[in-house]
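S.K.: Let me begin by handing over the structure; questions about it come next.
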């Protein structure tokens, strides 16, 4: 079964502390994984995807196929990072547009 | 950037009535749109895939006759909650992948439905 698991509902850290938001997945094929973020009173938006291997707003995420994980990391948290973070897995739909399976989300609260 | 809008942003209706929610891609065409449902403090659950010019594809457990989807143009998909009941109260969100960048979905702001 295709599934995305985010074990932490809430992660509270102090400003400047490292952050790691955990995400594990189960998927029979080659997964495409994403992190989406939802800031307060804003719509969901793409943060990063594993294929691009980018660092966005200081966040990085590495796909570990052995551990079936895609943890989101940032070395020094900022208050503006406070948001809801969703890990998502894409499964092919008709070979083109991809359906997304979301994890339950982790609320990151960065304390001053 | 690509923008997806939804209308209305919130709606209150009486039990037994039907409610239509619109999802529009404002500056791009979307042959496919997705409809999600989100309960408070829970994740987004994919309800159905809306296909322009053809029938929608529903996820397992989603009642087709309850949640009618119409994708009449390349920029508009509608979700109609028929004979709404209080348990249908939820946050409904649509998304659309941008042409040529189907790996990235653009989300609407959501519609809060409250059925009394």
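Protein chains in written order, with my numbering: chain U, 209 to 320; chain W, 1235 to 1350.
In this text, a Cβ means the ideal position worked out from N, Cα and C, and glycines have one as well.
1. 9 Å is my cut-off, CB to CB: does residue 254 (chain U) come that close to chain W?
2. Closest to residue 213 (chain U) by CA distance: which of U:250, U:235, U:288, U:259 is it?
3. What three-state label does DSSP hand residue 239 (chain U) in the structure shown?
4. Determine the contact status of residue 1312 (chain W) and residue 1285 (chain W), defining contact as a CB-CB distance below 9 Å.
5. Give the straight-line distance between the Cα atoms of residue 263 (chain U) and residue 255 (chain U), rounded to the nearest whole angstrom.
6. With a threshold of 9 Å between beta-carbons, can residue 311 (chain U) be considered close to chain W, or not?
7. Quick one: using the 10 Å Cβ neighbour count with 16 as the cut-off for buried, is residue 285 (chain U) buried or exposed?
8. Residues in its own chain within less than 7 Å of residue 1240 (chain W) by CB, not counting five upstream and five downstream?
9. At a CB distance below 8 Å, what residues from the region 219–233 of chain U approach chain W? Give them in sequence order.
10. Distance cutoff 9 Å, beta carbons only. Does residue 217 (chain U) sit that close to anything in chain W?
11. Which ranges would you report for the beta strand (DSSP E) in the region 1296–1348 of chain W if only whole runs of at least 3 residues count?
M.R.: Judging by the given coordinates:
1. Counted from its first residue, the first chain places residue 254 (chain U) at position 46. Yes, residue 254 (chain U) lies at the interface with chain W (some Cβ there is under 9 Å from its Cβ).
2. Walking along the first chain from the start, residue 213 (chain U) turns up at place 5. Of U:250, U:235, U:288, U:259, the residue nearest in Cα terms is U:235.
3. Position 31 of the first chain, counted from the start, is the residue given in the question as residue 239 (chain U). Of the three classes helix, strand and coil, the one that applies to residue 239 (chain U) here is coil, per DSSP.
4. Position 78 of the second chain, counted from the start, is the residue given in the question as residue 1312 (chain W). Position 51 of the second chain, counted from the start, is the residue given in the question as residue 1285 (chain W). With contacts defined by Cβ atoms closer than 9 Å, residue 1312 (chain W) and residue 1285 (chain W) do not form a contacting pair.
5. The count along the first chain starts at 1 and reaches residue 263 (chain U) at position 55. The count along the first chain starts at 1 and reaches residue 255 (chain U) at position 47. Cα-Cα distance, rounded: 9 Å.
6. As a first step, residue 311 (chain U) is located in the first chain; it is residue number 103 there, counting from the start. With 9 Å as the cut-off, residue 311 (chain U) counts as an interface residue toward chain W.
7. If you number the first chain from 1, residue 285 (chain U) lands on position 77. So residue 285 (chain U) ends up on the buried side.
8. As a first step, residue 1240 (chain W) must be located in the second chain, where it is residue number 6. Hits under 7 Å: 1255, 1256, 1257, 1328, 1342, 1343, 1344, 1345.
9. none
10. Residue mapping note: residue 217 (chain U) aligns to position 9 of the first chain, counting from 1. By this cut-off, residue 217 (chain U) is an interface position.
11. If only uninterrupted beta strand (DSSP E) runs of at least 3 residues are considered, those enclosed by the region 1296–1348 of chain W are 1301–1307, 1310–1315, 1324–1332, 1335–1341.
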